[in-house]
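Reading through the structure tokens given below for one structure.
Residue numbers (full-length UniProt numbering): 1 to 119.
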């Protein structure tokens with residue numbers, strides 16, 4: 001679905017405050033816990049190996065239950081990067097200190113032809 005101008009503006013406003021990592025940087029550093037913030041139906045169609053699932057709609061509500069240590073390195077991804085960036089920004093506001101968004105998200109992973117997990 002095409003992003004609306006208001007959504008694009010919102011994403012643009014948080015991007016300067018979000019750490020962005022490339023897929024290559026993620027692969028070179030084994031510290032990151034990978035979180036898929038896409039919707040349930042997207043997750044079920046395929047996701048990155050070793051990823052945990054906390055969709056954009058519930059991540060702020062459930063993150064402290066799943067990952068109470070706010071120093072846990074969390075790398076978020078979505079379809080292309082916008083939802084992950086918004087989630088990463090909000091987690092920082094909640095006190096998480098090592099949060100990043102994967103550039104290009106799931107689509108970039110697929111374009112690189114890296115393996116995925118299909119349920």
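For every residue, glycine included, the Cβ atom is placed at its ideal position computed from N, Cα and C.
From a predicted model like this one, the values you see are computed outputs, not experimental measurements.
I'd like the span of the alpha helix (DSSP H) that includes residue i, first residue to last.
i, result
"residue 40", "40 to 45"
"residue 93", "82 to 93"
"residue 108", "105 to 111"
DSSP three-state label for residue i, please.
i, result
"residue 15", "helix"
"residue 100", "strand"
"residue 30", "coil"
"residue 65", "helix"
"residue 10", "helix"
"residue 35", "strand"
Nearest-angstrom Cα distance between residue i and residue j?
i, j, result
"residue 13", "residue 20", "14 Å"
"residue 3", "residue 84", "14 Å"
"residue 110", "residue 117", "11 Å"
"residue 54", "residue 82", "15 Å"
"residue 59", "residue 39", "11 Å"
Do residue i and residue j have their CB atoms nearer than 7 Å?
i, j, result
"residue 47", "residue 62", "no"
"residue 18", "residue 87", "no"
"residue 33", "residue 74", "yes"
"residue 89", "residue 70", "no"
Is any heavy atom in the ligand NAP found nearer than 6 Å to the beta carbon of residue i?
i, result
"residue 106", "By its list of ligands, the structure shown contains no ligand whatsoever, and the ligand NAP lies outside what it can speak to."
Tell me where the beta strand (DSSP E) around residue i begins and ends.
i, result
"residue 74", "74 to 77"
Per the contact definition of three or more C-beta pairs closer than 8 Å, is the segment 97 to 117 in contact with the segment 69 to 86?
Three or more Cβ pairs closer than 8 Å define a contact, and the segment 69 to 86 meets that threshold against the segment 97 to 117.
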